[in-house]
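Each remark here refers to the structure printed beneath this line.
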Amino acid sequence: MTVLRVTKYGESILRQKLKPVDYNQLAPRLPQLLKDMEETCLAVHGVGLAANQIGLDLRLAVILIPTSDEENAPLKRYVIINPEIVSKRGEKLEEEGCLSLPGLWADVKRATDVTLKYIDENGQEQVKRARGLLAKAFQHEVDHLDGKLFIDLIDPTLKPEIKKAIKKLRSSWN
Ligand SMILES: [Zn+2]
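With the numbering used here applied, the sequence shown covers 1069 to 1242.
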């Protein structure tokens, strides 16, 4: 099992707009890369992991989402390559966290219903409409690929508080 180090807030790659993936070029390394990303995501109990969170400049993310609300429900894996949100609907303020800001949780506003166009792990173009946690994960991961973090979406009046919390948490990050 491979558990890769997850990049943390403050590392410049998390602020980069990542490069589109040339699927055919990446294909030979893709199965191993996805396996490593999945194992890393599971090890740190994440819902999703973007390529820059393991130091790679690729528009690619892995999402592991429970198939039901039951505890220990099996996970479904989504591999989203060169994803693009084609439509958004609704709005909800909900708590969110990120593997690159471990220990920090804050309310952010997200669309409740999104349609995502992407290339899957087999190189097929997919269009998937999502609600609930999957919709949130799609938006969170696409943001990562654009160099954005969930804290960018926090109510500006809460930012001083968040800054303080990050300062405190940072010493415990590896
Ligand atoms: Zn994240």
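C-beta: ideal position from N, C-alpha, C; glycine also.
Straight-line gap, residue i to residue j (C-alpha atoms, nearest Å)
{"i": "Y1077", "j": "S1168", "result": "6 angstroms"}
{"i": "D1223", "j": "L1102", "result": "34 angstroms"}
{"i": "R1157", "j": "T1180", "result": "6 angstroms"}
{"i": "L1082", "j": "N1120", "result": "6 angstroms"}
{"i": "V1154", "j": "K1235", "result": "36 angstroms"}
Other residues of its chain near residue i: CB distance less than 6 angstroms, five sequence neighbours each side excluded
{"i": "P1151", "result": "L1184, Y1186 and V1210"}
{"i": "I1148", "result": "A1129 and Y1186"}
{"i": "V1115", "result": "A1205"}
Beta-carbon contacts of residue i that lie in its chain and below 7 angstroms, excluding the five residues immediately before and after
{"i": "L1037", "result": "It is not possible to answer for residue 1037, since the shown part of the chain is limited to 1069 through 1242."}
{"i": "A1198", "result": "V1182, L1184 and F1206"}
Pick from the options that is closest to residue i, judged by C-alpha positions
{"i": "A1118", "options": "S1155, L1094, R1157 and L1217", "result": "L1217"}
{"i": "Y1073", "options": "A1233, E1229, D1104 and K1144", "result": "Correcting the residue type first, residue 1073 is Arg in the shown sequence and not Tyr. The candidate whose alpha carbon is nearest that of R1073 is D1104."}
{"i": "H1113", "options": "P1096, H1208 and G1165", "result": "G1165"}
Whole-Å CB distance - residue i paired with residue j, under 8 angstroms assumed
{"i": "G1171", "j": "Y1091", "result": "Between Y1091 and G1171 the Cβ distance is about 36 angstroms, and since that is not below 8 angstroms, they are no contact."}
{"i": "V1071", "j": "E1107", "result": "6 angstroms"}
{"i": "L1124", "j": "E1189", "result": "Not quite, the Cβ-Cβ distance comes to about 15 angstroms (not below 8 angstroms), so this is no contact."}
Close-in-space but distant-in-sequence residues of the same chain around residue i (CB under 8 angstroms, 5 per side omitted)
{"i": "L1237", "result": "L1169, P1170, G1171 and L1172"}
(request) Say whether the stretch 1159–1177 touches the stretch 1126–1135, bearing in mind that this needs 3 or more beta-carbon pairs closer than 8 angstroms, one atom from each stretch. (result) no
(message) Measuring CB atoms only, is the stretch 1085–1092 touching the stretch 1120–1129, in the sense that at least three cross pairs come out at less than 8 angstroms?
(response) yes
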